[in-house]
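Asks: The structure's right below; bear with me while I get my questions together.
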Amino acid sequence: MNDDKLSIGSAQLYSPAAPAISDGTHALPTAASTDVDASHLTKSHQLLTDSFARRLTYLRLSITDFCNFRCEYCLPNGYQGKRPDDELSVPEIATLIRGFAEVGTKKVRITGGEPSIRRDVVEIIQTIKQTEGIETVAMTSNGYKLGKHLANWQAAGLNKLNISMDSFDADTFHKMTGFNTLPQLLSDMDTLLNTTEIKLKINSILMAETAFENLMDAIDYVKDRPVTYRFIEFMQTSDNSDLFFAQHAQSDVIIDYLTEHGWQPHVRGSSDGPAVEYSHPDYVGRIGMIAPYAAHFCDTCNRLRVSSQGKVHLCLFDQGNYDIRQHLQTGDVQGLVETLHSFMPIKPEHHHLHESNSGIMHNLSIIGG
Ligand code: SAM
Ligand code: SF4
C-alpha cells in the first residue's frame, strides 16, 4: 500500500486523501502535528485513555496482509500483487508488544490477511504471550491451517481463536471463499473443542441471502458445543459496494428471532469485543451479534490496530494511519510509549460508515477487521 505522510509527534501520519499520481504513489498532503511528551508520566498514569474517556486495552495486530482465500465480500479476486517482504519481524513485534503492554494493553489479537500463513506465527504467539502485562493472546483465522497447526498454537499459549466460517453448507462456503474445505474445517474445530483449552468463536458475515439458514444451522451447532457463533453485520468498503447494497441486512433480523425464541442478551465485560452475546438455557453455546451500524457502537471502543508494516490505525475506518516502525526497528519502547500517548487526542470518536465512508479501508484484509 502506498501512503502519504503527515507528521505527528515522532510518528508520521499517512493519508490517502492526497491525490494519487499515475504510478499509484501519493503526493505529500498538508501537515498537522501534536506534541505530547509522556516521559514524565508515572506508571499508573501511562494507561492509554482517549479524549472520550475510553480506556484502550486491546491491540489488534495484523502480521500479514496476504491471504490465500477469496472471500467475496473481502478479496473476491484474491490477493493482488506480490506479498510484501517487509512484514514486521519477531523482534519488532516484541518491541511493539512491550510498548503496548506498558500503556495498559492486556489483550492482543493476531490477525491479517491470513495470519496462519506466516511461518513464524508460533514464535509470534509465544513472544506476545511471554510479554509481561499481556493476559490474553487471540487470533482470527480462516482456519485453513487449523488442523495442521492446532497443537503448536496451543503449546505456544494461544488463548482464543476466532474462525471465520460464513456458511454451514459446503457449496455455499466454497462459493464464498473459493475453497472447498468446509468438512475439514468442521472436523478440525471439533478436534480443537475436544483436545484443547483454546476458547473458540466463529465469525460469519450477515448476508441477506444466507442469514436465516445460517441462524438455524448455528443454533443447531451450539446446542452441545461451548462455542459462540457471531454474526458480523456486513460493512461497506470501497471494494465491495455492489455486494453490500445487494446483501446488507440489519442485525434486527437475527436479534428479533433470538429474543422471540427465549435467547437472553448478556452484559459485556470491559475487555470484551463489540459483540452482544445471547444465551438460552437449553443450549451450551451462544449466538452473538456485532452490529457496527447500530447507534452508539463506537462508544465502548477499547482498541487500536497496527498493520503488518507497523502503521497504527486509530479507527478501522480512519482517513489515515501513523508509521511507528522506526521505534520498532530500534527497540525504542519508551519512544513508542510517548508516540502512543500522542495519538490519544486524535483517536476518532466514531466511524463514518453511515455516510458510506470507509476511509482508507478498501477491504478488511488490509488490517483484519
Ligand atoms: N483472514 C482472517 C479471517 O478471515 O478470519 C482474518 C482477517 S479477516 C479480514 C477478519 C474478519 O473480518 C473476518 O471474520 C471477516 O469475515 C471479516 N470481514 C471481512 N470483510 C468484512 C466486511 N466487509 N464486513 C464485515 N466483516 C468483514
Ligand atoms: Fe482472507 Fe479473511 Fe478476507 Fe476471507 S475475510 S479473504 S479469509 S482476509
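Going by my numbering, 1072 is the number at position 283 of the sequence shown; the sequence numbering is gapless.
We put the beta carbon where it would ideally sit given N, CA and C, even for glycine.
All of these numbers come straight from a predicted model, not from anything done at the bench.
(1) Could you give the uninterrupted runs of the alpha helix (DSSP H) lying entirely in the stretch 943-1001, keeping only those of 4 residues or more?
(2) Between which two residues does the beta strand (DSSP E) harbouring residue 898 extend?
(3) If I follow the unbroken alpha helix (DSSP H) through residue 1120, where does it start and stop?
(4) Answer yes or no: do residue 846 and residue 893 have a C-beta to C-beta separation smaller than 7 Å?
(5) Excluding sequence positions up to five away, which residues of its chain have a Cβ less than 6 Å from the Cβ of residue 963?
(6) Could you give the residue range of the alpha helix (DSSP H) that holds residue 1030?
(7) DSSP on residue 1025, reduced to helix/strand/coil?
(8) Helix, strand or coil for residue 1143 per DSSP?
(9) Cβ atoms of residue 1024 and residue 1081: under 7 Å apart, would you say?
(10) If you drop the 5 nearest sequence neighbours on each side, which residues of the same chain put their C-beta closer than 6 Å to that of residue 988?
(11) If you measure from each CB to the nearest heavy atom of the ligand SF4 and keep those under 5 Å, what residues do you get, in chain order?
(12) Going by the CB atoms, is the gap between residue 912 and residue 879 shorter than 7 Å?
(13) Which value, in whole angstroms, describes the spacing of the CA atoms of residue 1066 and residue 1029?
(14) Can you check DSSP and say which residues form a bridge with residue 770?
(15) Can residue 886 and residue 917 be called in contact, C-beta distance under 7 Å?
(16) Using 8 Å as the Cβ pair cut-off and three pairs as the minimum, do the stretch 1087-1102 and the stretch 1039-1051 touch?
(17) CB-CB under 7 Å to residue 896, same chain, minus the five flanking residues each way: which ones, in chain order?
(18) Could you give the distance in angstroms between the alpha-carbon of residue 944 and the alpha-carbon of residue 901?
(19) DSSP three-state call for residue 846: helix, strand or coil?
(20) When the Cα atoms are used, what is the spatial distance from residue 1013 to residue 954?
Replies: With the structure as the only source:
(1) 959-966 and 971-984
(2) Position 109 of the sequence shown holds residue 898. Taken as a continuous stretch (DSSP letters only), the beta strand (DSSP E) holding residue 898 covers 896-900.
(3) Here residue 1120 refers to the residue found at position 331 when the sequence shown is read from its first residue. Careful: residue 1120 lies outside any alpha helix (DSSP H) and carries neither H nor E.
(4) Taking the first residue of the sequence shown as position 1, residue 846 is located at position 57. Taking the first residue of the sequence shown as position 1, residue 893 is located at position 104. Yes, Cβ-Cβ distance for residue 846 and residue 893 is below 7 Å.
(5) Sequence index remark: in the sequence shown, residue 963 carries index 174 (1-based). 969, listed in sequence order.
(6) Against the sequence shown, residue 1030 aligns to sequence position 241. Note, residue 1030: alpha helix (DSSP H), 1030-1036.
(7) Within the sequence shown, residue 1025 is the residue found at index 236, counting from 1. Three-state result, residue 1025: coil.
(8) Sequence index remark: in the sequence shown, residue 1143 carries index 354 (1-based). In this structure, residue 1143 counts as helix in the three-state DSSP scheme.
(9) In the sequence shown, the residue the question calls residue 1081 occupies position 292. In the sequence shown, the residue the question calls residue 1024 occupies position 235. Contact flag set, yes.
(10) Position 199 of the sequence shown, counted from the first residue, corresponds to residue 988. The answer, listed in chain order, is 949.
(11) 856, 858, 860, 863, 864, 931 and 1154
(12) By 1-based counting over the sequence shown, the position of residue 879 is 90. By 1-based counting over the sequence shown, the position of residue 912 is 123. Result yes, Cβ atoms of residue 879 and residue 912 sit closer than 7 Å.
(13) Here the question's residue 1066 lines up with position 277 in the sequence shown. Here the question's residue 1029 lines up with position 240 in the sequence shown. Looking at the two C-alpha atoms, the distance is approximately 27 Å.
(14) Because the chain here runs from 790 to 1158, residue 770 falls outside it and cannot be looked at.
(15) As a working note, residue 886 is residue 97 in the sequence shown. As a working note, residue 917 is residue 128 in the sequence shown. Yes, the pair counts as a contact, with Cβ atoms nearer than the cut-off.
(16) no
(17) Translated into positions along the sequence shown, residue 896 becomes position 107. These residues qualify, in order along the chain: 846, 847, 924, 925, 927 and 1060.
(18) Within the sequence shown, numbered from 1, the residue matching residue 944 stands at position 155. Within the sequence shown, numbered from 1, the residue matching residue 901 stands at position 112. Going from the Cα of residue 944 to the Cα of residue 901 covers about 21 Å.
(19) Taking the sequence shown and counting its residues from 1, one reaches residue 846 at position 57. It is coil, neither helix nor strand.
(20) Residue 1013 sits at position 224 when you count from the first residue of the sequence shown. Residue 954 sits at position 165 when you count from the first residue of the sequence shown. If I take the Cα positions, the gap works out to 18 Å.
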